[in-house]
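Heads up: the sequence shown runs through residues -21 to -1, 1 to 936, numbered per mature numbering (1 follows the signal peptide of the UniProt record, and there is no 0).
Quick reminder that beta carbons are idealized off the backbone N, C-alpha and C, glycines included.
All values derive from a computational prediction rather than experimental measurement.
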Amino acid sequence: MATRWPSLLLLLLLLLLSASASISILVAAQAGDEAALRAFKAAAISGGHGDMLPSWNSTSVLGFCSWEGVRCGARHRRVVALSLPSYGLIGTLSPAIGNLTFLRTLNLSSNWFQGNIPESIGRLQPAPWAYPAELGRKLTSLRGLSLLNNSFTGAIPATLSNMSSLYYLGLSRNQLEGPIPPEIGSLAGLQVLRLYSNNLSGVLPHSLYNLSLLQEFTAGKNSLSGTIPTNIGDGLPNIEFLNFGENQFRGTIPPSLSNLSALTTIHLASNSFSGHVTPTLGRLKGLVYLSLAYNKLEANVTEGWEFITVLTNCSQLQHLMLASNSFSGELPSSIANLSTTLQHLYLGDNMISGFIPSNIGNLIGLEILMIASTSISGVIPESIGQLKNMAELSLYNTSLSGLIPSSLGNLTQLNKLLAYYGNLEGPIPASFGNLKNMFVLDLSTNRLNGSIPKEEISCLAKYLTVLETASRWNGCCWTRTCLRADIVGLQDLYLAHNNLSGSIPTCLQNLTTLLNLDLSSNGLQGEVPKGGVFGNGMNLSIDGNDELCGGTPQLHLAPCSMLAPEKKKRHLSKSLMITLTSISALVFSVSVVSFIQLIHKKLRKKHESQLISTTEEQYDRVSYYALSNGTNGFSEANLLGQGSYGMVCKCTLYGTTVAVKVFNTQQSRTIRSFVAECEALRRVRHRCLVKIITCCSSTNHQGQEFKALVFEFMPNGSLNDWLHRDSNTLAQTNTLSLEQRLNIAVDIMDALDYLHNHCQPTIIHCDLKPSNILLTQGMSARVGDFGISRILPESASTTLQNSTSTTGIRGTIGYVAPEYGECSFISSQGDVYSLGILLLEMFTGRSPTDEMFNDSLDLHKFSENALPEKIWDIVDPTIWMHIDAYNSSIRSEIQNYLVSVVSLGISCSKKQPRDRILIEDAAIEMHVIRDSYLKFARSLLVEHGGATTTHSDFPQQ
């Protein structure tokens, strides 16, 4: 027995030594984890924007395992998860992250990381050693990696393929470039692969199609090319979500795609796919979302539409996007047999003909129906009134005719009805009074007639913002329309160029939110109200209504008591305010020269009519002498601005103040500028564009050529005047509040979105800058100066809309897009760049040509470097004159809005055109920022009892 003790003691000693060695290894490993975390933090906050991870400074007994975003294993106390999404980290990703060998989950999404993804991440795989079983579990590799929504650049590291247990890989919304490494296809356990919105190029590696467990594959919004393999259906048996949209794929959509029976989402929009849509898609019983828009897919009278019929087998289909392809021939009636679960149906911008199926009402789940810009004809089916969930109905720019069905009044959820540029006729149905959620109604340029029903305007939704009804409505008795003040959101009301009659309802003056009212060129009679929008006349247009009288003195109308009945008969065509806006509503396709000749012809005809009274001649003869007299010989006292084109003068024209832009005809390029501006402005009609009244093409008193444009007068000058006033005279009353800047930004973006996407053909402004943004009495923005604008051919691409090649830089230094300096083609994204610089200037107060900027620093980099914590260092200090900057809760909330809007400016002004956000997306984002801010501001007003001041965003405490 005694002889066994030495053996037992020896065994015990060996066990103790083993345990001690293992503990030593563990302690060393834990120290390595802590060192790796500290290196990670040092690199992650290298931008110097404060300590976003203060808990990592603690000396808790739990050590680094208690740090925010860090999770350790229960036994071995090693880091198994690092999760810091949306923490505002703005540095680089340290290679030391690869030393966290127990890491299973890494989530750093939605930060501001820059630089490359380090190769060391590929070391996060099973280690070549393990602890004794009694001290810990066996090492495992990283299972989830999320780095999405950062600013990583460079290539995707091929070493990621070493993470053999990876099931989630998220790299979306970065700036990664180059090809996708084929080695990614060796991650056999991968279930989710997200590469959306980068700069990836090349073809998709075939190895990716062998990922048998893959359920989601998103590679949209890159520069990937090539074709989809014809045998794609042989792999990816578990794929549910497939997104290859917004790339450069070509070829046909392979029929074998239907073999992927688990598919619920197919997004192939914005590529160059061609040929017919394969009918085999009808086999995908679980298909929910199918987007094939913006391709070159075809169908015609004889073949190609079969896929619609077979899609009726997809009983769960909710979204079908087919817009902007080469579909022609008659719309198949089987489209009305699609699933009742269908919510969105987009068919616009095709060559589709035929009728809307009479049984379209079967699609009871529809929320959005878009058949605009097609050759569809016939009547709007009565059954459309069965679509009770309909929110948006777009039928504009078609050949639809006949009456508007009264059943449309059943669509009580409808908030947008666009049916302009058609052949609709007859009256507006009285049932429209039921559309209590309507906020956009545009029936302009049809052949409507009759009276506006009493219920039409009085019962439309209180959030109505735009009512454009420039059709031919006859014999309307306004005294019955009873516009009520409970339409609290009404901002813009356009009823010009109709045959409206009766008096102007006095209740219009009670609409406190009404900013712009255009009732010109109708047959209105009687006294003009004096309150509300009628009070100053700045945003009011009532010309072309010969029997109106009274109103405020600024309107220069005859007193109602002096307007004799026999004189009323002579007021058949008093006003010759020929606006380019109204001309665009005509079927009119003459040159600018012909347009100017038309003006002179009408002036001569009017002159011969011998209507000589001052009242009758208002705007009748806009000659050189009228403009010269109204500006006191274009004196310096009336000078509003001057540039290479000529000058702008304040002018009193028959008692009304206008602005006259006089062109320097001694320079040939200014003549081209005059023609370009005429050609552009005659095509546009939008509340956020400067309104032109008329033009003058004549000779001056010396017999020299004289050309001028007459615009509405903007009493608050240009945006440049407000942004860059003398700092020594700053006062709260002559600086812009945050709310005003947000509203101005929304107006500018709406105008640009209209010019690029809703104006036919597209117009590129080419010179967007603060001096070309004018401000109304109510501080709304109007985009002006189209002197170097370009009208693009209708065949131009929607993303890179080319016109003729540029000849030198088009625009103003500091605002002009970088690619224009390299003789690139004019594009919509060039305007977006200028918009981004303008946006940054609005909120920083710094011009892009400020002397502080040099080759290594510009306004874009200056703003980008400040996000997010240094936003206070760059914001225009005059903003704080309007708010309580010392209230920490308000200051914190304001920071979020400032970061959002500056980030949007940075997204617009990126160097490469393809990296810039699209204007339609920017406009939506700007609306969201502004609306959210207004909601926040209103909540503060309620909190403080509604106290406020004229120019303050918030009450002072």
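Annotation for Ser607: the continuous alpha helix (DSSP H) segment containing it runs Tyr603 to Gly609. Bounds of the beta strand (DSSP E) holding Asp421 are Val419 to Asp421. For Tyr799, there is no enclosing alpha helix (DSSP H), as DSSP marks it with neither H nor E.
For Val811, the enclosing alpha helix (DSSP H) begins and ends at Ser807 to Thr823.
Your pair Ser813 and Leu747 checks out as a contact, with CB atoms roughly 4 Å apart and the cut at 8 Å. Taking 4 residues as the minimum length, the region 52 to 112 contains no alpha helix (DSSP H) run wholly inside it. By the criterion of at least three beta-carbon pairs nearer than 8 Å, the region 361 to 380 is in contact with the region 328 to 348. DSSP lists Ala638 as the beta-bridge partner residues of Lys629. Straight across, the Cα-Cα distance linking Ser143 with Leu187 is about 15 Å.
Taken through DSSP and simplified to helix, strand or coil, Cys675 comes out as strand. Spanning the alpha carbons of Tyr794 and Val907 requires a straight line of approximately 25 Å.
Measuring C-alpha to C-alpha distances from Leu498 to each of Asp522, Gly510 and Cys486 identifies Asp522 as the nearest. Between Thr631 and Gly612, the beta carbon gap of about 13 Å keeps them out of contact (Cβ cut-off 8 Å).
The C-beta of His185 has fewer than 16 other C-beta atoms within 10 Å across all chains shown, which makes the residue exposed.
Each of Pro856, Asn210, Ala198 and Ile232 was checked against the Cα of Phe220, and the nearest Cα belongs to Ala198. Using a 10 angstroms sphere on the CB of His744, the tally of other CB atoms reaches 16 or more, which defines it as buried. If you look at Leu372, you'll find it in the beta strand (DSSP E) that goes Glu371 to Ser373.
Inclusion of Leu668 and Gly763 in the CB contact set at 9 Å is warranted, their separation being smaller than that value. Ranking Pro74, Ser73, Thr80 and Leu41 by CA distance to the CA of Val59 puts Thr80 first. His680 counts as exposed, since fewer than 16 other C-beta atoms from the protein chains shown sit within 10 angstroms of its C-beta. In this structure Met369 is buried. Its beta-carbon is surrounded by 16 or more other beta-carbon atoms within 10 angstroms. Residue environment: Tyr604 is assigned as exposed (fewer than 16 neighbouring CB atoms within 10 Å of its CB, all protein chains considered).
Contact between the region 272 to 288 and the region 304 to 316 is present: 3 or more CB-CB pairs across the two stretches fall below 8 Å. About 10 Å separates the beta carbon of Leu239 from that of Gly265, a gap too long to meet the 8 Å contact definition. With contacts defined as CB atoms closer than 9 Å, Leu290 and Leu324 fail to qualify as a contacting pair. With respect to the C-alpha of Ser140, the residue from Asn210, Tyr66 and Leu172 having the closest C-alpha is Leu172.
With respect to the 9 Å criterion, Gly308 and Phe334 are not classified as neighbours on the basis of their beta carbons. If the five residues before and after Lys20 are omitted, its C-beta is found closer than 7 Å to the C-beta atoms of Leu32 and Trp35, all from its own chain and listed in chain order. Asp30 counts as exposed, since fewer than 16 other C-beta atoms from the protein chains shown sit within 10 angstroms of its C-beta.
Secondary structure of Cys657 (DSSP, three-state): helix. The beta-carbon distance between Pro408 and Leu387, rounded to whole angstroms, is 7 Å. This is short enough to meet the 8 Å contact definition.
Checking the DSSP bridge columns, you'll see Ala278 partnered with Phe306. Around the beta carbon of Gly254, a 10 Å sphere encloses fewer than 16 other beta carbons of the protein chains shown; the residue is thus reported as exposed.
Within the same chain, Cβ atoms closer than 7 Å to the Cβ of Val725 are found at Met905, His906 and Arg909, the five residues on either side in sequence being excluded. Counting along the chain, Thr197 sits inside the beta strand (DSSP E) bounded by residues Glu195 to Thr197. Take the alpha-carbon of Gln154 and the one of Leu174: they are about 10 Å apart.
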